[in-house]
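So the structure is just underneath, and the comments pick up after that.
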Amino acid sequence: MRVLLLLIAALALRAAEFRVTDYGAKADGKTVNTVALQKAIDAAAKAGKGVVVFAPGVYLSGALFLKSNMELRLDEGVEIRGVQDLAAYPLMQTRVAGIEMKWPAALLNVYEQSNVRLSGKGTVDGDGKIWWDLYWKMRREEYEPKGLRWAVDYDCRRPRLIQIYKSQGVDLVSLTLKRPGFWTVHICYSERVTVDGLTIRNNTDGKGPSTDGIDIDSSSDVLVAHCDIDCNDDAICLKAGRDADGLRVNLPTERVRITDNVVRGGAAGVTIGSETSGGIRHIEVDHLTVMSAVPAGILFKSASTRGGTIEDIAIRNVITVGVATPVSITLNWNPAYSYAKLPEGVKDMPDYWRVLTEVVPPGKGIPHFRDVRISRVKSTGAQRAFAVSSYAESPLVDFQFKDIDIEAKTAGSIANTQGWKFENMTIKTADGTTVK
384 MRVLLLLIAA LALRAAEFRV TDYGAKADGK TVNTVALQKA IDAAAKAGKG
434 VVVFAPGVYL SGALFLKSNM ELRLDEGVEI RGVQDLAAYP LMQTRVAGIE
484 MKWPAALLNV YEQSNVRLSG KGTVDGDGKI WWDLYWKMRR EEYEPKGLRW
534 AVDYDCRRPR LIQIYKSQGV DLVSLTLKRP GFWTVHICYS ERVTVDGLTI
584 RNNTDGKGPS TDGIDIDSSS DVLVAHCDID CNDDAICLKA GRDADGLRVN
634 LPTERVRITD NVVRGGAAGV TIGSETSGGI RHIEVDHLTV MSAVPAGILF
684 KSASTRGGTI EDIAIRNVIT VGVATPVSIT LNWNPAYSYA KLPEGVKDMP
734 DYWRVLTEVV PPGKGIPHFR DVRISRVKST GAQRAFAVSS YAESPLVDFQ
784 FKDIDIEAKT AGSIANTQGW KFENMTIKTA DGTTVK
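FYI, in our numbering the residues of the sequence shown are 384 to 819.
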């Protein structure tokens, strides 16, 4: 009798499941299921702690909006694939690439919600090549010839794959994510977010521009663990706003732990910046492996209009194999993109161009980096060990390097630092140089 009562109690506590096929969804890879899937999501949220489940197959969809106190579970063999129609991703207020503006919704959105879980061994596929091709066409044929390299990233509207915005208590677990039109996972203005066990594959069907893996943007108490990332820009990136708009918002990224991740492709293994305006602090990176297709292992970047203080950063147990530069720091990153300047004669422009070109007051634009601890780094097959530069008026302060072992063709250079300490550091170079 007691066993029966326990079984009944367990069944009563089991979350109710909401099958998308009951709401008219078809897993045929042809039917657009946006309405049916949203109905299932709304029903699960209304019930409280409901779980949306799928039969195996491919579900085409536009933007979906998850709600509080629910789970979206994609089991193995299930794929949500984004439709290639920008109208299916309605414009909404958000932050993109450091400024607040309207931008297309992501394929999956957790927008001003709490206690949401996305899980399973299934796949979310942005099918983003149509937007990659559009971006390259606009950039090469229209924007770069006019001196507007900085504007094309904002004018070419491309859907992100997953947006977590002004939300709390969100878990993103075990999924395979691939081919977003823009960033893969964007965590913005959010708290208590766990990203665990994701597989990100953005270099199939070509190399998508700006297909960052995981972007943590003016958010706090975030865990990123056990992820395997192959993308075509920053793999795991910490951000906090850009220039005048980022300084206005002034919201830091803080208390972030990044542990046990592998990066196979991208701009860097872990990146801090370039959007540093609100500050980035109290960050732990542990057990990171970065492979040969990645230019930098650890990358700090900013610009003279960003501002912000970056401090209390601990990075340890890093392995890089064939990575060009294990440690790279530049505070004058990508000037054609970082410094928005209007060509002569431009009068008509979107409002966000005015935001991007707003002048940052003297003294507020220089970023400050201090109290960074990097230890237990093992690098083989590097081109250069260090590429480090800052501003004379804002040196890189109190960096500590301990137990560093780097094999590289050349040692590289370090400039404009203060209070740097090195302990048990070995740099073996093919050309016999030492760090300048």
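Here a beta-carbon is modelled for each residue, glycine too, at the ideal position from N, C-alpha and C.
One or two residues paired with residue i in a DSSP bridge
i, result
"residue 801", "780"
"residue 571", "548, 600"
"residue 486", "475"
"residue 492", "448, 546"
"residue 818", "The partner list for residue 818 (beta bridge, DSSP) is empty, contrary to what the question assumes."
"residue 501", "455, 555"
"residue 756", "697, 783"
"residue 769", "710, 795"
"residue 761", "702, 788"
"residue 411", "441"
Alpha helix (DSSP H) segment containing residue i, residue limits
i, result
"residue 513", "512-521"
Residue i - containing beta strand (DSSP E), residue span
i, result
"residue 617", "617-622"
"residue 442", "440-444"
"residue 466", "Here residue 466 belongs to no beta strand (DSSP E), and DSSP marks it neither H nor E."
"residue 584", "582-584"
"residue 506", "506-508"
"residue 433", "433-436"
Closer than 6 Å: residue i CB and nearest the ligand GDP heavy atom
i, result
"residue 689", "Annotation note on the ligand GDP: not contained in the displayed structure, which lists no ligands."
Helix, strand or coil at residue i according to DSSP, with G and I counted as helix
i, result
"residue 394", "Model confidence at residue 394 stands at a pLDDT of 42, short of 50, so the residue's coordinates are unreliable; what they give is reported in the following sentence. DSSP places residue 394 in helix when its eight states are reduced to three."
"residue 417", "helix"
"residue 529", "helix"
"residue 806", "strand"
"residue 403", "helix"
"residue 459", "coil"
"residue 388", "Model confidence at residue 388 stands at a pLDDT of 49, short of 50, so the residue's coordinates are unreliable and nothing is read from them."
"residue 538", "helix"
"residue 425", "helix"
Outcome for residue i when other beta-carbon atoms lying within 10 angstroms are tallied against a minimum of 16
i, result
"residue 568", "buried"
"residue 732", "exposed"
"residue 516", "exposed"
"residue 412", "exposed"
"residue 748", "buried"
"residue 389", "At residue 389 the pLDDT is 46, less than 50, meaning the model places this residue with poor confidence; the figure from the coordinates comes in the next sentence. That one is exposed."
"residue 743", "buried"
"residue 807", "exposed"
"residue 809", "exposed"
"residue 675", "exposed"
"residue 565", "buried"
"residue 428", "buried"
"residue 418", "exposed"
"residue 393", "With a pLDDT of only 45 at residue 393, under the threshold of 50, the placement of this residue in the model should not be trusted; the figure read from the coordinates follows. Flag for residue 393 reads exposed."
"residue 805", "exposed"
"residue 459", "exposed"
"residue 764", "exposed"
"residue 717", "exposed"
"residue 395", "With a pLDDT of 45 at residue 395, under the threshold of 50, the predicted position of this residue should be treated as unreliable, though the coordinate-derived value follows. When all chains shown are included, residue 395 counts as exposed."
"residue 523", "exposed"
"residue 817", "exposed"
Min CB distance residue i to chain B below 7 Å
i, result
"residue 740", "Absent from the structure: chain B. Only one protein chain is present."
Legend entry - Runs of beta strand (DSSP E) wholly within the stretch 601-676 (minimum 3 residues, chain order): Complete beta strand (DSSP E) runs here, min 3: 603-608, 611-613, 617-622, 636-648, 651-655, 663-676.
Inset, instruction - Mind listing, in chain order, the continuous beta strand (DSSP E) runs of no fewer than 3 residues lying wholly within the stretch 668-753? - result: Within the stretch 668-753, the complete beta strand (DSSP E) runs of at least 3 residues are 679-684, 692-704, 708-713.
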